[in-house]
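The structure appears below as structure tokens.
What follows is the structure, encoded as structure tokens:
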């Protein structure tokens, strides 16, 4: 057996981030895209270097908080930061919207988790992002662009005022289709309408990547099924540890049980049982609603929220935001 | 040992077994025969010098008793609580041939608790030897390995994916069996030895095993990531809401404190009628946690009989006392849907025991026509786990057919300098077995590094071991 003696610590980027120092996850930038959607840029040099498109993190904002999974919206090894885009819809995410300011720290941040997306050799791909899936779509689009593919970006928003990162997407896409529900920007319609346009215009479309609420990913998978266009989706079930230990995130893919955290989160959209996924996302709907209600009553908001704001808008949209 | 009454404790997460008083401990210590050829030591996976520590208790040298235990086991307060003593030290005890065996576990716990109360630690000033050790996973295997390597003078860093260290001791074993305060105190003892704990670190994904050796300057790495990946049965209805793994139930309740929802944010809908499938220690924990979360009825479903149940005798006994309903020789066929995606009940079939199977236990066989249904709104799977795939996915380390890490007799993996032990090697086992593996791996690592105390630790060809240049010596 080869026996080593102590040797000087080799110098590498890993060395500069002394693993012996306690981890602090400082928020270095924040941007509010709308009343509900905000961006956090968090310092984590190791993760910024390790992260790949399609991976996610688990965040705890304070010691009594819950662990929520969030897909990485961006990462910059040079700056040593990762970027999360969060929709404030549940108790935890609304609390984060108030508390997570520049200079504050997250209690816990672990990742990158999940199997990175396979950036294949496809020459023409459509990257579809809706709802919470808009921002996480960006690393995939950028990776395909860098791999030399012709990238068609399709992103959906409710209206013009909620559109964000348009420039960023244009830089990563050869073609960008913005869809708004009211037609105030781009085309009028939802992202599947955009996808239909792209499918019509590009008969040689080789792959579709769809990220967003399950109902949207299901619709995208159905849109491509007849043509047999490979469609990858990023599922977002309820999760606890994110390391394969609890099985809470199990999904049915091709009749087999898979764990989204370690076998995914990317799966073949034509194989995923979306109805099962959607039913399982409602597991904690009651508790989540109660927690949000309690929090809204107790916190010192300047204005009491309108009663309809307490209704969780959509159990599917709500999930990645806890 | 004094215990809280079953009725009172079944609603509380306070510890069930209250522990010995000084009088109890002294009286129990008197019962040890101090055999010249002690069988108990051989029964202990880490070979604690049991007669010696009991002798010190009798001599009222409590600190000495603590030192005698911590010579081989740094975590007496934990092991005294969770070891299956009846099949280890106490099972081998000579006194047990005719009377109750000496309560080694309870005495060990008493010493461990005394040490925590007095602030004793086994930290000795050790000469740093310059070796850096990385440990993946802060559960029992990792803690035991970390302790030994730190005592040998290595700089040890333990990585943990959760936000706090402790592994299965924290997320799995409930407070009424092993309070988290005890684990934190034992972890603090490791910190006093110089061990660093780095949480929120998913090794494999944040950096790989190969990077730890090649880029981060670790001279040796120990992998003790545990089994993870809970098994399901593949019967209809498993994706219904209300069906979850014991790991999820226990993690939400113990580590994330869902039992204190809404003071803590993690939700956990408690079932009114809970059925737990399986009858191991994890199943017992899930059953008893469900009772404490307020379930009206808690059922245990097991396809073999009580005699084959893998749970510790004490756990089974406690669960029975607290009112768990056991359905022996019963196998689930289907989980029933209430029409809204929730579990409403379970259809089961009765079993009978047939000829022994490959495990040597009688094979359960279904009794034709014995199907029956009963109502439950929560179903918990506690039927074991499969190998966690993350380390295998992210490194070139050798795996066996089942996906566990493959190791040689010295617990060395296929990667040079990387050792492994605990559930990630053996599949689900006990805390003390994982600790034993951690200690064994530590011995192998010391040998690999050429640290004194191991076989190659002495002078070789007149050159002192501290020079650690055997590689060159060999080449010469």
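Chains as they are written, first to last, in our numbering: chain A, 15 to 336; chain B, 124 to 599.
The beta carbon of each residue, even a glycine, is placed where N, CA and C say it ideally should be.
| Asked | Found |
| --- | --- |
| For the segment 346 to 372 of chain B, list every residue whose C-beta sits within 7 Å of some C-beta in chain A, in sequence order. | 351, 352, 353, 355, 362, 364, 367, 368, 370 and 371 |
| Considering only C-alpha positions, which residue in the set 136/A, 142/A and 76/A is nearest to residue 114/A? | 76/A |
| In chain order, what residues of the segment 385 to 415 of chain B put their CB closer than 9 Å to some CB of chain A? | 385, 386, 387, 388, 389, 390, 391 and 392 |
| Taking residue 248/A and residue 126/A to be in contact with their CB atoms under 8 Å, please state how far apart those CB atoms are, rounded to whole angstroms. | Their Cβ separation, rounded to whole angstroms, is 13 Å, which puts residue 248/A and residue 126/A out of contact at 8 Å. |
| Residue 107/A: which of 49/A, 62/A, 166/A and 128/A sits nearest, CA to CA? | 49/A |
| What whole-angstrom Cβ distance do residue 389/B and residue 375/B have, given they're in contact under 8 Å? | 5 Å |
| Using CA coordinates, which residue listed in 61/A, 109/A and 83/A is at the minimum distance from residue 89/A? | 61/A |
| In angstroms, rounded to a whole number, what distance separates the CA positions of residue 218/A and residue 232/A? | 22 Å |
| Would the segment 134 to 147 of chain A count as touching the segment 158 to 173 of chain A if we require 3 or more Cβ pairs under 8 Å? | yes |
| Give the interface partners of residue 88/A over in chain B, defined as CB-CB distance under 7 Å, in chain order. | Within chain B, no residue comes near residue 88/A; the closest Cβ sits about 17 Å away, beyond 7 Å. |
| Under 7 Å between C-beta atoms, does residue 57/A make it to chain B? | no |
| Name, in chain order, the residues that DSSP records as bridge partners for residue 396/B. | 420/B |
| Under the assumption that residue 142/A contacts residue 71/A (Cβ atoms under 8 Å), give the Cβ distance between them as a whole number of angstroms. | Going by Cβ atoms, the distance from residue 142/A to residue 71/A rounds to 22 Å, so no, they are not a contact pair. |
| For residue 122/A and chain B, any beta-carbon pair shorter than 7 Å? | yes |
| Three-state secondary structure (DSSP) at residue 187/B? | helix |
| Is there contact here, the segment 503 to 510 of chain B with the segment 396 to 414 of chain B, by at least three beta-carbon pairs under 8 Å? | yes |
| What separation, rounded to the nearest whole angstrom, lies between the Cα atoms of residue 197/B and residue 239/B? | 12 Å |
| Just to make sure I have the definition right: I need the residues of chain B whose C-beta is within less than 7 Å of the C-beta of residue 40/A. Which are they? | None at all; the shortest Cβ gap to chain B is about 14 Å. |
| Roughly how many angstroms separate the alpha carbons of residue 129/A and residue 166/A, rounded to a whole number? | 24 Å |
| How far does the alpha helix (DSSP H) with residue 138/A in it reach, from first residue to last? | No alpha helix (DSSP H) holds residue 138/A; the beta strand (DSSP E) holding it covers 138 to 144. |
| Kindly indicate which three-state DSSP category residue 143/B falls into: helix, strand or coil? | coil |
| In whole angstroms, what is the alpha-carbon distance linking residue 340/B and residue 255/B? | 7 Å |
| For residue 440/B, name the three-state secondary structure that DSSP assigns. | helix |
| Is the segment 435 to 445 of chain B touching the segment 339 to 355 of chain B in the sense that three or more CB pairs, one from each, lie closer than 8 Å? | no |
| If we ignore side chains and look at the alpha-carbon of each, how far apart do residue 282/A and residue 191/B end up? | 58 Å |
| Decide if the segment 487 to 499 of chain B is in contact with the segment 239 to 255 of chain A; the criterion is three or more beta carbon pairs, one per stretch, under 8 Å apart. | no |
| Starting from residue 85/A and walking both ways along the beta strand (DSSP E), at which residues does that stretch end? | 82 to 85 |
| Using Cβ-Cβ distances below 9 Å, what residues of the segment 237 to 266 of chain A are close to chain B? | 254, 255, 256, 257, 258, 259, 260, 261, 262, 264, 265 and 266 |
| Using CA coordinates, which residue listed in 535/B, 480/B and 364/B is at the minimum distance from residue 462/B? | 364/B |
| Distance check for residue 169/A and residue 215/A, CA to CA, integer angstroms please. | 17 Å |
| Alpha carbon to alpha carbon, how far is residue 227/B from residue 435/B? | 16 Å |
| So, helix, strand or coil for residue 268/B, using DSSP? | helix |
| If we define contact as Cβ-Cβ less than 7 Å, is residue 280/A a contact residue for chain B? | no |
| Report all residues from its chain with a CB closer than 6 Å to the CB of residue 254/A; omit the five preceding and five following residues, and keep chain order. | 260 and 262 |
| What would DSSP say about residue 469/B, mapped onto helix, strand or coil? | strand |
| Mind checking residue 430/B: buried by the 16 CB within 10 Å criterion, or exposed? | exposed |
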